[in-house]
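**Q**
Protein chains: 2
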Amino acid sequence: MNQQYPSTLLEKAVNEFSKLPGIGRKTAMRLVLHLLRQETSAVETFGNAMIVLKNEVKYCKVCHNISDTEVCRICANPLRDASTVCVVENIRDVMAVEGTQQFRGLYHVLGGVISPMDGVGPGDLQIESLIDRVARSGINEVILALSSTMEGDTTNFYIYRKLEKTGVKLTVIARGISIGDELEYTDEVTLGRSIVNRIPFNQ
Amino acid sequence: MNQQYPSTLLEKAVNEFSKLPGIGRKTAMRLVLHLLRQETSAVETFGNAMIVLKNEVKYCKVCHNISDTEVCRICANPLRDASTVCVVENIRDVMAVEGTQQFRGLYHVLGGVISPMDGVGPGDLQIESLIDRVARSGINEVILALSSTMEGDTTNFYIYRKLEKTGVKLTVIARGISIGDELEYTDEVTLGRSIVNRIPFNQ
């Protein structure tokens, strides 16, 4: 349906919103009309928040996480264990791991995974800087926490090949049955791995 | 889950997005990170589109639709039938009716419906200007195209009482079974009305 917009300014705003992932034209229209009902100052705050973020955001020199400063809050925190580094794909994964409150080490954000289909090679990721970091700092353990996909596994293997001679301890997060999942509905690869990688029962 | 954001600028942008209707914090994060991957110019275009719209948008003096000009494209179009006015709640309804390509008259955008529960009275809507418009211009027919809700019906009745003495022809859009709907699943009020308001069969 080719709708004629009553205003080209409205059409432009709707076009911009509908470029966002998962936002269709109808939703974009609803969001724009919602903002249009707000105070001018609120709309300016909204529009500028994104522009300021884009212009002023920094990436941590150490772990490449998003940061307001040269070195991010996590890397700068003396209470964190600097000898353990968790390798993740993106900053959402950092937030997911932080959300568990189970990890007190530092991170290394790759910025993606190796994916020849999408034209992403090792050179497009922060892998070289990880190797430098392991060579320079006193890192004892590197935890690979990438997605359990072909691309994640490929990246894991690439990093393993690069780090195997450094003597650093290399671990990978456990794959298995999700808490609350029923055995009969678990896919056989996951179930198989969870049996092979069984651990001693304690409580 | 109280997630610690790695950057306050990021947190601000996510906060702004999550104020939008139907956008939770996870979706907001996804949208912000998507925009962050775009070029600076694209992000500025996005942020400014909404600010420019808010600052420069006009409302048509005649029908109160959103417009780039004093009088909107529809009202200014000499090919449209100025003797028929379709009363709608908001500009999305204008676009919905325009989308059908079945109406060649003009519109009157009320800006809502009478809803005591939400504190919306007749004075908050463009009802007075509708009455003026009917009194001043050569309008033959006013079509009421409001939602089929209690509030819509109340507004219809209020407008009817205001216009009944002017002699203008007052019609309401047909209520009935949606095209493609099965009879047995139609609610009884709709089905009852569709029987009472049956029309001659032609083709």
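Line by line, the protein sequences are chains A and B.
Quick note on numbering: my numbering labels position 37 of the first sequence as 37, and the sequence is numbered without any gaps.
Count along the second sequence starting at 1, add 1000, and that's the number in my numbering.
For glycine and all other residues, C-beta sits at the position ideal for the given N, C-alpha and C.
Using a Cβ-Cβ cut-off of 7 angstroms (strictly less than) and excluding sequence neighbours within five positions of Tyr160/A, which residues of its own chain qualify?
**A** Leu170
**Q** State whether the segment 1082 to 1094 of chain B contacts the segment 1121 to 1139 of chain B, with contact taken as three or more CB pairs (one from each stretch) at a distance under 8 angstroms.
**A** yes
**Q** Assuming Thr69/A and Lys58/A form a contact by the criterion Cβ under 8 angstroms, report the distance between their Cβ atoms to the nearest whole angstrom.
**A** Their Cβ separation, rounded to whole angstroms, is 7 angstroms, which keeps Thr69/A and Lys58/A in contact under 8 angstroms.
**Q** Which of the residues in the segment 1065 to 1090 of chain B, read from start to end, lie with their CB under 8 angstroms from any CB of chain A?
**A** Asn1065, Ile1066, Ser1067, Asp1068, Cys1072, Arg1073, Ile1074 and Asn1090
**Q** Would you identify the three-state DSSP class for Asp181/A, choosing helix, strand or coil?
**A** coil
**Q** Drop a sphere of 10 angstroms on the beta-carbon of Ala1049/B, count the other beta-carbons inside from all chains shown, and report buried for 16 or more, exposed for fewer.
**A** Per the 10 Å Cβ criterion, buried.
**Q** Got a sec, what are the start and stop residues for the alpha helix (DSSP H) His1034/B sits in?
**A** Arg1025 to Leu1036 is the span of the alpha helix (DSSP H), which, as asked, contains His1034/B.
**Q** Helix, strand or coil, according to DSSP, for Gly1105/B in the structure here?
**A** strand
**Q** According to DSSP, simplified to helix, strand and coil, what is Pro1200/B?
**A** Here Pro1200/B sits in coil by DSSP.
**Q** What residue from Glu164/A, Val52/A and Ser178/A has the CA that sits closest to Ser1041/B's CA?
**A** Val52/A
**Q** Would you list, in sequence order, the uninterrupted alpha helix (DSSP H) runs of no fewer than 4 residues that lie entirely inside the segment 82 to 161 of chain A?
**A** 91 to 100 and 127 to 136
**Q** List the residues of chain A whose Cβ lies closer than 9 angstroms to the Cβ of His1108/B, in chain order.
**A** Within 9 angstroms Cβ-Cβ: nothing; His1108/B doesn't reach chain A, min ~13 angstroms.
**Q** Among Gly1024/B, Gly1022/B and Asn1015/B, which has the Cα closest to the Cα of Phe46/A?
**A** Among Gly1024/B, Gly1022/B and Asn1015/B, the Cα nearest to that of Phe46/A is on Asn1015/B.
**Q** Within the same chain, show all residues whose beta-carbon is closer than 8 angstroms to that of Ile114/A, passing over the 5 residues directly before and after it, in chain order.
**A** Around Ile114/A: Val120, Gly121, Pro122, Leu125, Glu151, Thr154, Thr155 and Tyr158.
**Q** Between Pro122/A and chain B, is the shortest Cβ-Cβ distance under 8 angstroms, so that the two count as touching?
**A** no
**Q** Which residues in chain A sit within 9 angstroms of Ile1051/B, going by Cβ to Cβ distance?
**A** Under the 9 angstroms cutoff, chain A gives Thr40, Val43, Glu44, Phe46, Gly47 and Asn48.
**Q** Is the separation between the beta-carbon of Pro200/A and that of Arg1030/B shorter than 8 angstroms?
**A** Against a cut-off of 8 angstroms, the Cβ pair of Arg1030/B and Pro200/A comes out as no contact.
**Q** Could you have a look at Leu1245/B and say whether DSSP puts it in helix, strand or coil?
**A** Residue 1245/B lies beyond the stretch modelled for chain B, which goes from 1001 to 1203, so this question has no answer here.
**Q** To the nearest angstrom, how far is the alpha carbon of Val142/A from that of Leu1036/B?
**A** 28 angstroms
**Q** Compare the Cα-Cα distances from Ile91/A to each of His1034/B, Glu1182/B and Cys1060/B and report the closest residue.
**A** His1034/B
**Q** Based on Cα-Cα distance, which residue from Ser7/A, Cys63/A, Arg25/A and Gly192/A lies nearest to Leu130/A?
**A** Cys63/A
**Q** How many angstroms separate the CA atom of Glu1044/B from the CA atom of Val109/A?
**A** 26 angstroms
**Q** Is Ala1028/B close to chain A? Criterion is C-beta to C-beta, closer than 8 angstroms.
**A** no
**Q** Below 8 angstroms on the Cβ atoms is my guess for Ile1074/B versus Tyr1107/B; work out the distance and round it to an integer in Å.
**A** 6 angstroms
**Q** Who are Glu66/A's beta bridge partners in DSSP?
**A** Here residue 66/A turns out to be Ile, not Glu, going by the sequence shown. Tyr59/A.
**Q** Assign Met1095/B to buried or exposed, taking buried as 16 or more other Cβ atoms, counted over all protein chains shown, within 10 Å of its Cβ.
**A** Met1095/B should be labelled buried.
**Q** Where does Asn48/A fall in DSSP's three states?
**A** helix
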